[in-house]
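Undergrad:
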Amino acid sequence: MNLKHLKNTDTLEFFAIDEQSLSSIPLFSDSVQAGFPSPAEDHMDMDLNLNDYLVHNPSATFCVKAIGESMKDAGIKSGDIMIVDKSLEPRNRSIVLAVIDGEFTVKRVNLNDNELYLIPENSNFSPIKITQEMDFQVWGVVTYVIHKTV
Amino acid sequence: MLPTLYIKLYSMIALVDCNNFYASCERVFNPKINLKPVIVLSNNDGCVIARSNEAKSLGVKMGQPAFQLRNLIDKYRINVFSTNFALYGDLSKRVMNVVSTEVKKMEVYSIDEAFLDFSDFASKERGIAIKNKIKKWTGIPVSVGIAKTKTLAKVASYIAKKHTASGVFIFKDEDLIDRALNILDVQDLWGIGRRNASKLHDFGIHTALQFKQTDSRWIKKHFSINGVRLQKELYGKACYQIETLRKRKANICTARSFSKEIKELNKLREVISIYANNCATKLRKEKSCCTTVSVFLSTNRFRNKKIQYNPYKSISLQVPTNDSVEIIKNAIYGLKMIYNCDFLYKKAGVVLGGIVPEEQIQLSLFDSLDRIKLKKINVAVDKVNSIMGRHTVKLAVEGNKKVGKLKQMKLSPCYTTRFSDILKVKC
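Sequence order for the protein chains is A and B.
To convert, note that position 52 of the first sequence is 52 in my numbering; the numbers rise steadily by one, no gaps.
To convert, note that position 300 of the second sequence is 300 in my numbering; the numbers rise steadily by one, no gaps.
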């Protein structure tokens, strides 16, 4: 499913479903009966599917729960669910799920003058410098965060 | 003897085989245990069913009972897991999906193996590319073996795993194949089980190369047409194609090891009834019927000093069926024929064979059963059990005991299939 951009207001963005991406979805589920057809019929049997929106590569995508506040300024709060795509190559400034010496951590990648840092997004935490001696590996790239507001 | 005809247009097949699959699945979500010994235990935490390389080199054997390993586990801090099929199934599906993006035709052969059609373009580099993509996308390490036939691809993947750094191996020339078969135990050939291997050993055939060079008439005499096919495959002549359609299961089996050995016929009858009914339910789910009902028993093979007794009895049915009552009745009949009160039994099982589609059944003229009525009963029972839980409605012969919950002391979370279980990471 693709979303087509429709309109911006001051606070909200509006999207429509790109119909080309829906060609495989049947529009009618029942046989046609006599009487005036519902004008809404063409548009039934369609739901917004959050999977389609959040998951671009199902085979390589995993959900991971964040515990702790080190990334709160990047919008990742304790208890949030992160969508992690293993197939993506991290770029500079990507938020990644990394493994350092066997331990998982979520941080922002920062490559500067050939020095690699993992940066927290919370002033109470310090950056981690990645050195040759460390066993360091990027497990996946964080692509979305699901945050509960109620 | 060399087959006289070589086909000119040959196919190329790649076998993608996940390395120590269950152990590797556990590692994806637990990087701390990388490079550490890992084992996975079977249902009820009974026997070892997967080992990491580190566990293999500590001498842990496949199928070894957990109680024999207690000292080793403590001494070397082996990481022990109960089977988590929800997790392994999910990762398997992912691996297969990744493979399917790379080839036009593939056959999912088991939870951790797939045959790929490489006929369009076979190279080591293609194998390496697929291997790297699977590792990157899913975290699962695989080996790839490439050859003209499935059997040789299997051998190639074995070599890839044991003897290459890249994890990918391709059979290019005949000489290489024979050198590989020369160091391969005949038991490790595809389709040669423990029983066939010991028979071959008795005839002085120990390596796969010896098997390849044996007179095919002799092989046919002792190992039927399947042995001949296997031999042809070793010569690069494909007898088994890539099967893209899921075939109806060849047989359906329920077998379990008991936590305590059983001696009494009454108890065995209960157990066999439960297994038979379990099989019958699976059969109906597949909309199939069976034409044979087989029963087997085994004594404890880890009690070396005792005489072993592993009887097997197969009963043919006149009309194929999937009726629980009929299948249980035949299973018990078979059990009574093989039961010997002088032994303690560790394992029992029921196998339904000769599976045919439900709709293709030919009714026998002399059939005394009202099959339509029986079908209605079975449909009703299945429905109740699917809503209210397995074993809600059962036959009296299955006994009154609650079916024991699986013992899974070391179960890892279902990281990929339950939101409550997803990986939690400190931020």
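Heads up, the beta-carbon is just placed ideally off N, CA and C, and yes, glycines get one too.
Taking only runs that begin and end inside the stretch 118-150 of chain B, name each unbroken alpha helix (DSSP H) of 4 or more residues, in chain order.
TA: Segments of the alpha helix (DSSP H) lying fully in the stretch 118-150 of chain B: 124-138.
Undergrad: Does any residue of chain B bring its CB to less than 8 Å from the CB of Phe136 (chain A)?
TA: As a working mapping, residue 136 (chain A) is identified with position 136 in the first sequence. Cβ-Cβ to chain B under 8 Å: no for Phe136 (chain A).
Undergrad: Does Pro357 (chain B) come out as helix, strand or coil in the three-state DSSP assignment?
TA: On the second sequence, residue 357 (chain B) is found 357 positions in, with the first residue counted as 1. Strand at Pro357 (chain B).
Undergrad: Quick one: what does DSSP say Thr281 (chain B) is sitting in, helix, strand or coil?
TA: Taking the first residue of the second sequence as 1, we reach residue 281 (chain B) at position 281. Looking at Thr281 (chain B) - three-state DSSP - the assignment turns out to be helix.
Undergrad: Please specify which runs of the alpha helix (DSSP H), each continuous and at least 4 residues long, are wholly inside the stretch 191-247 of chain B, giving them in chain order.
TA: Counting whole runs of 4 or more residues, the stretch 191-247 of chain B contains the alpha helix (DSSP H) stretches 194-202, 208-212 and 216-234.
Undergrad: Within 8 Å (strictly less), CB to CB, does Lys86 (chain A) reach chain B?
TA: As a working mapping, residue 86 (chain A) is identified with position 86 in the first sequence. Interface residue, yes.
Undergrad: Does the distance from the CB of Ala331 (chain B) to the CB of Val319 (chain B) come in under 8 Å?
TA: The sequence position of residue 331 (chain B) within the second sequence is 331, counting from 1. The sequence position of residue 319 (chain B) within the second sequence is 319, counting from 1. No, the Cβ-Cβ distance between Ala331 (chain B) and Val319 (chain B) is not below 8 Å.
Undergrad: Bridge partners for Tyr345 (chain B) per DSSP, in chain order?
TA: The residue given as residue 345 (chain B) occupies position 345 in the second sequence. Answer is B:Ile262, bridged to Tyr345 (chain B).
Undergrad: Leaving aside the five residues before and after Val55 (chain A) along the sequence, list all residues of the same chain whose C-beta is less than 6 Å from its C-beta, in chain order.
TA: Translated into the one-based positions of the first sequence, residue 55 (chain A) becomes position 55. Contacts found: Thr61.
Undergrad: Under 8 Å, Cβ to Cβ, is there at least one residue of chain B near Ile146 (chain A)?
TA: Looking up residue 146 (chain A) in the first sequence gives position 146. Chain B contact via Cβ: absent.
Undergrad: Return the Cβ separation of Thr151 (chain B) and Leu176 (chain B) in integer angstroms, given the expectation that the two are a contact with Cβ distance under 8 Å.
TA: By one-based count along the second sequence, residue 151 (chain B) stands at place 151. By one-based count along the second sequence, residue 176 (chain B) stands at place 176. Actually they are not in contact, since the Cβ atoms of Thr151 (chain B) and Leu176 (chain B) sit about 15 Å apart, beyond 8 Å.
Undergrad: Rounded C-beta distance between Lys131 (chain B) and Val144 (chain B)? I'm assuming under 8 Å.
TA: Numbered from 1 along the second sequence, position 131 holds the residue referred to as residue 131 (chain B). Numbered from 1 along the second sequence, position 144 holds the residue referred to as residue 144 (chain B). Lys131 (chain B) to Val144 (chain B), Cβ: 5 Å. Contact.
Undergrad: So if I threshold CB-CB distances at 9 Å, which residues from the stretch 121-150 of chain B count as touching chain A?
TA: Under the 9 Å Cβ criterion, the stretch 121-150 of chain B contributes Lys133, Lys136, Trp137, Thr138 and Gly139.
Undergrad: Taking 8 Å as the threshold (beta carbon to beta carbon), is Arg94 (chain B) in contact with chain A?
TA: Here residue 94 (chain B) refers to the residue found at position 94 when the second sequence is read from its first residue. Yes, because at least one Cβ of chain A sits closer than 8 Å to the Cβ of Arg94 (chain B).
Undergrad: Quick one: which chain A residues come within Cβ less than 8 Å of Lys32 (chain B)?
TA: Residue mapping note: residue 32 (chain B) aligns to position 32 of the second sequence, counting from 1. The answer, in chain order, is Gly102 and Glu103.
Undergrad: State the Cα-Cα distance for the pair Ile377 (chain B) and Ile83 (chain A), rounded to the nearest angstrom.
TA: Stepping through the second sequence from its first residue, residue 377 (chain B) is reached at position 377. Stepping through the first sequence from its first residue, residue 83 (chain A) is reached at position 83. For Ile377 (chain B) and Ile83 (chain A), the distance between alpha carbons rounds to 47 Å.
Undergrad: By a C-beta neighbour count over all protein chains shown, 10 Å radius and 16 as the cutoff for buried, is Ser70 (chain A) buried or exposed?
TA: Within the first sequence, numbered from 1, the residue matching residue 70 (chain A) stands at position 70. So Ser70 (chain A) counts as buried.
Undergrad: For a contact defined as C-beta to C-beta under 7 Å, what are the partners of Thr417 (chain B) on chain A?
TA: Looking up residue 417 (chain B) in the second sequence gives position 417. Chain A residues near Thr417 (chain B): none, gap ~10 Å exceeds 7 Å.
Undergrad: Return yes when the Cβ of Thr101 (chain B) is within less than 8 Å of the Cβ of Leu41 (chain B), no when it is not.
TA: As a working note, residue 41 (chain B) is residue 41 in the second sequence. As a working note, residue 101 (chain B) is residue 101 in the second sequence. Going by C-beta atoms, Leu41 (chain B) is not nearer than 8 Å to Thr101 (chain B).
Undergrad: Phe85 (chain B): which of B:Ala23, B:Asn251, B:Ala129 and B:Lys394 sits nearest, CA to CA?
TA: Position 85 of the second sequence, counting from 1, holds the residue named residue 85 (chain B). Checked all of B:Ala23, B:Asn251, B:Ala129 and B:Lys394; the closest Cα to Phe85 (chain B) is B:Ala23.
Undergrad: How about Lys347 (chain B) and Ser298 (chain B): do their beta carbons lie closer than 8 Å?
TA: Position 347 of the second sequence, counting from 1, holds the residue named residue 347 (chain B). Position 298 of the second sequence, counting from 1, holds the residue named residue 298 (chain B). Yes, the Cβ-Cβ distance between Lys347 (chain B) and Ser298 (chain B) is below 8 Å.
Undergrad: Is the number of C-beta pairs between the stretch 128-141 of chain A and the stretch 86-105 of chain A that are closer than 8 Å three or more?
TA: With the cut-off at 8 Å, the stretch 128-141 of chain A and the stretch 86-105 of chain A touch.
Undergrad: Taking 8 Å as the CB-CB limit, is Ser70 (chain A) close to chain B?
TA: The count along the first sequence starts at 1 and reaches residue 70 (chain A) at position 70. With 8 Å as the cut-off, Ser70 (chain A) counts as an interface residue toward chain B.
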